[in-house]
Amino acid sequence: MTSTQPMTPTEGEPAAPPVVSVDSLSVSYRSGGRDLPVVHDVSFELAQGRTLALVGESGSGKSTVAATLLGHLRHGSRLDGGTVRVAGHDVFALPARELRRLRGGTVAMVAQNAGHALTPSMRVGRQIAEAGSDVPVLDLLEQVRLPRPADLARRYPHELSGGQQQRVAIAMALAARPRVLVLDEPTTGLDVVTQRGILDLVAALRDELGLAAVLVSHDLGVVARMADEVSVLRSGRVVESAPTRALFAGAEQPYTKRLLASVPRLTDDGLALVGDNGEREVRARAVVDADAPVAVSAQDVTVDYGTARAVHGVTFDVRRGEIVALVGESGSGKSTLAWSLAGLRAPSGGTMTHGSGDLARPARRRPAALRRLVQLVFQNADTSLNPRRTVGDAIRRPLRFFGTAPDRRSAHARALDLVRDVRLDPALADRLPAQLSGGQRQRIGIARALAGEPDVLIADEITTALDVSVQAEVLRLLDDLRRERQLACLFISHDLAVVRGIADRVLVLRHGVVVEEGPTEAVFADPAHPYTRELMAAALEPDPDARPLVEDVPDWTDAAQPGDVWTDHGGGHRVRRWRPADTSDTPDAAVTSVSEGVS
Amino acid sequence: MLAFVARRVAAAIGTLFLSSVLVFLALQALPGDVATQILGKDATPDAVATLRKQLGLDQPAWERYFDWIKGALHGDFGTSLVSGKPVGGEVAQYLANSALIAVVTILFAVTGSLVLGILAGLYRDRWADHLISTVSLVGMSVPEFVVATVLVLCFSVALPWFPAVVLYGPDASVGQLLPAVWLPALALAIVMAAYIVRMARTSVIDVMAGEYVTTARLKGLSTWRVVTRHALPSALLPTLHVIALNVAWLVGGVAVVENVFNYPGIGKLMLTSVQNRDLPVVQAVALISAVVYVVCNLAADLGAMALNPKLRTRGRT
């Protein structure tokens, strides 16, 4: 394709004829005999070479709108009115054959989760080849910057990492050289570093090929970085539409303001509390008493999966009333460590102790009293609650099991109290998990964990699956609870901005090894390890003009020696020894040997 | 991949060994003495003792087990107590007749029900789906001997197209048996098909709702290509094991249906030998059923491997 389009569109340029125009689009979904409107009167236009972001929380209809560009409606959905025109064609009026040609050639889609969007039984090279015939597969794989394309094309999707899968999905979308690219949450399942790589790639390809792009995202950081224009959707309606800079500089609608205010920022030095009109107040961090007792102590913990070492000699303490964050990208071993503490995976070395017992034993061998005191909250509340039990039941069970409630009646009363404690209406206790929203379910997950009156709470990516405004509420709840109950909390997250707001201390993990640790303020003020800097550089702020918190990330190599592992920066802030990788060293085995593992 | 195959084959052999022990023990545990059974209640103790010696019944059980297994591995299953002929040859003859029914049944039932199941899944909630689902449900709920009887009524009595019963012995030729194969095969197929249809339908619906099928559609591929290349390999995976279990079930189902049609197959042989206490034959038939089960499941496992690259590429990086 010859690119006569401007390489980098700038705002305020005279509008070229739109390649996409959506006019008062309405879609409804048939459920239980009733038609529920999911998209209502949505209109927008998009010119060649420009990027429009559709922003909204779950249920806003943003993905439904995006899919209509390819003439696709979910099973059970119906077009109620309006038109979608792409490159001059009314997509819902096209005969099947023409529609297929449009999908195969003019518009292409990159789906949210490449792990699910690639056919598991087909080699990726063939899947790409199927999508278009003009460009050789190997060229496409090279174009999405995948190493060793010939070898990669012969692999099956499960043999690729999440980032590689997403690159393959992008190559597949570009195979037919489309004019419009629809990106549905293209980086949502990926960790920050991988996300940054994918976004840079998409931006480069978009400019290189002069594509018009529709980006669906709930992540305002991603939107700020990628889009020229933004449409904010809520319950199927456009709340606000504006050029990106204008929107982020001064949103007009309260909903947009609230959404923007809910995004945690790397510069917050405490938890942001968001008001109804989007006013933002940063609550100062709770002070942990200097003499607060240590609740959990891990010394030199090692966890193996077969021959792969997922966690390598990690040491830390969590005191009562303190939140300690474990940060790292997927595969860093942070979740493995959390699971070990919870007793789901026995460590292969080191010690883990709690004031009242040994945590190195798996949960089933721990005495009930100790099991009660150490509780885990899962990442996905929707899959960790029994779908056939009411949520009240789910909370009552540990109450009876651990004997915290002596009889049925008091268990019932306590369960309602717990539902109230997590700021929910006690009437919700009679509902099934499927009848609650994601945020409500996660609160129930927390209430269930609190039922045993633990003093240690392990929170494994508990806000990752939630919308930003809900995330803000759950974070506030967690912060309140640790103040009220003096909980010792181990908070696992890959999102540095979230960690900055809530954690008192931070441990940065890479390939199962702690590379930097210290009080949150100290680490964020002066990230001293290149990996920490890389994570911070990759984090996206909800501001198109944000300057990265750190600029330079040097190439580096691990320089820790036995007995001389740390560089001490004072005040508990210490950094694993490293040096610039200028010479032709082989990287240290301890850091690079573990690439497998669960995070 | 080779390791996977080797593990499966080893497990299959282990299962066979265990089932041979169970078959042997179960028959040992039967009440009554075989020699007394054969000679009748009035036999003199001397005659019983002689026969016991002749049959090897005075040996300890484990010795008899190993003799039996050693023989079985060489194709020698002993001599029939009733006919006095070698069991191996007799069983093989009946088995071949049953295999004729089985092959016809499998060919039609498996392909037919897969196609119907896939169609029902693709046209979910439309009339084709309702028709297929209802009919297959009816087929599943009626016992095979009823289906067989109804078929005889329709296609032998009302419309004299096929023979109602077989008048030949076990040594009948394929040509003689072929006209009689269809009704038993149809009866078995009707009962068997329902499970496969329902399983295929459910998994096709599951897979068609999956994200990768949507992705394939949105690539602009034709429905045929989406279904055959993207959906079916995954949709067939859970169906495979249902097919294997059904094929194995044929061994039992055949016994009932063969008796309805007086068909000289393995099921009929089994029934007569049990009635006659012809232990060597019963043992041989039971062992063969076990082999059929194990082989079917092994085939399903290997088929699953062919469809699922995750199993094939295990251990490769």
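Quick mapping for you: the protein sequence lines, in order, are chains X and G. Heads up: the first sequence is residues 4 to 602, going by my numbering. Heads up: the second sequence is residues 264 to 580, going by my numbering. Glycine is no exception: its CB is placed at the ideal position from the N, C-alpha and C atoms. The structure displayed is predicted, hence computed values, not measured ones.
| Asked | Found |
| --- | --- |
| Contact list for G:Gln478 against chain X, beta-carbon separation under 7 Å | In the sequence as presented, Gln is not what sits at residue 478 of chain G; that position holds Thr. Simply Ala114, Ala120. |
| Proximity of G:Ile459 and G:Val410 at Cβ, strictly below 7 Å | no |
| Neighbour list for G:Pro496 in chain X, Cβ cutoff strictly below 9 Å | Thr122, Pro123, Ser124, Met125 |
| Start and end residues, alpha helix (DSSP H) containing G:Ile287 | According to the sequence as given, residue 287 of chain G is Phe; it is not Ile. Looking at the DSSP string, the run of the alpha helix (DSSP H) that includes G:Phe287 is 265-291. |
| Limits of the unbroken alpha helix (DSSP H) element including G:Leu358 | 350-385 |
| Burial state of G:Ala547, where buried means 16 or more other Cβ atoms lie within 10 Å | buried |
| Cβ-based neighbour list, X:Ala592, same chain, cut-off 8 Å, excluding 5 preceding and 5 following | For X:Ala592, the pLDDT reaches just 41, beneath the cut-off of 50, and the residue's location in the model is therefore unreliable, although a value from the coordinates is still provided. Here the set comprises nothing. |
| X:Leu236 beta carbon near the ligand NAP (any heavy atom closer than 6 Å) | With respect to the ligand NAP, the structure shown offers nothing to examine, as it has no ligands at all. |
| Inter-residue CB distance, X:Thr356 and X:Leu347 (contact presumed, cutoff 8 Å) | Not really, about 17 Å apart at Cβ, beyond 8 Å. |
| Sequence ranges, alpha helix (DSSP H) only - wholly within the region 27-85 of chain X, length at least 4 | 65-71 |
| Cβ-based burial, G:Cys559 [other Cβ within 10 Å; buried from 16] | buried |
| Distance, X:Pro436 Cα to X:Ser34 Cα | 18 Å |
| Contact check, X:Ala114 vs X:Ala120, beta carbons under 7 Å | yes |
| Any C-beta of chain X under 7 Å from that of G:Tyr386 | no |
| The region 473-481 of chain X touching the region 491-506 of chain X, judged by at least three CB pairs closer than 8 Å | yes |
| Cβ-Cβ separation, X:Gly573 to X:Pro1 (assumed contact under 8 Å), whole Å | What is shown of chain X runs 4 to 602, which leaves residue 1 of chain X out entirely. |
| Any beta strand (DSSP E) of 3 or more consecutive residues that is wholly inside the region 263-297 of chain X | 273-277, 283-287 |
| G:Pro572 at chain X interface by Cβ criterion, 7 Å | yes |
| Residue range of the unbroken alpha helix (DSSP H) whose run includes X:Asp154 | 152-156 |
| Residue interval of the beta strand (DSSP E) (run including X:Ser496) | 491-496 |
| is_contact[X:Gly166, chain G] using C-beta, thresh 7 Å | no |
| Contacts of X:Tyr534 in chain G (Cβ-Cβ under 9 Å) | What X:Tyr534 touches in chain G: nothing, since even the nearest Cβ is about 24 Å away. |
| Start-to-end residues for the beta strand (DSSP E) that takes in G:Phe425 | No beta strand (DSSP E) contains G:Phe425, which DSSP labels as neither H nor E. |
| CB contact below 7 Å: X:Tyr159 versus chain G | yes |
| Rounded straight-line distance, which links the Cα of G:Gln322 to that of G:Thr576 | 51 Å |
| Environment of X:Leu280 [buried if 16+ CB atoms lie within 10 Å] | A small correction: the amino acid at residue 280 of chain X is Asn; Leu does not occupy that position in the sequence shown. So X:Asn280 counts as exposed. |
| Residue from X:Gly36, X:Val459, X:Trp569 whose Cα sits closest to the Cα of X:Gly324 | X:Val459 |
| Buried versus exposed, by CB contacts within 10 Å (16 or more), G:Ser346 | exposed |
| Cβ separation of X:Leu439 and X:Ile447, assumed to be a contact under 8 Å, to the nearest whole Å | 7 Å |
| Cβ of G:Leu481 within 7 Å of any chain X Cβ | yes |
| N-terminal and C-terminal residue of the beta strand (DSSP E) that X:Val425 is part of | Per DSSP, X:Val425 belongs to no beta strand (DSSP E) and is neither H nor E. |
| Opening and closing residue of the alpha helix (DSSP H) in which X:Gln168 lies | 165-177 |
| Span of the alpha helix (DSSP H), counted from its first residue to its last, around G:Gly334 | 324-336 |
| As assigned by DSSP and simplified to three states, the class of X:Glu255 | coil |
| Contact belief for X:Arg126 with X:Arg157 at Cβ below 8 Å, rounded distance in angstroms | 6 Å |
| Presumed contact (8 Å Cβ cut-off) between X:His43 and X:Ser61, rounded CB distance | That belief does not hold up - the Cβ atoms of X:His43 and X:Ser61 are roughly 17 Å apart, past 8 Å. |
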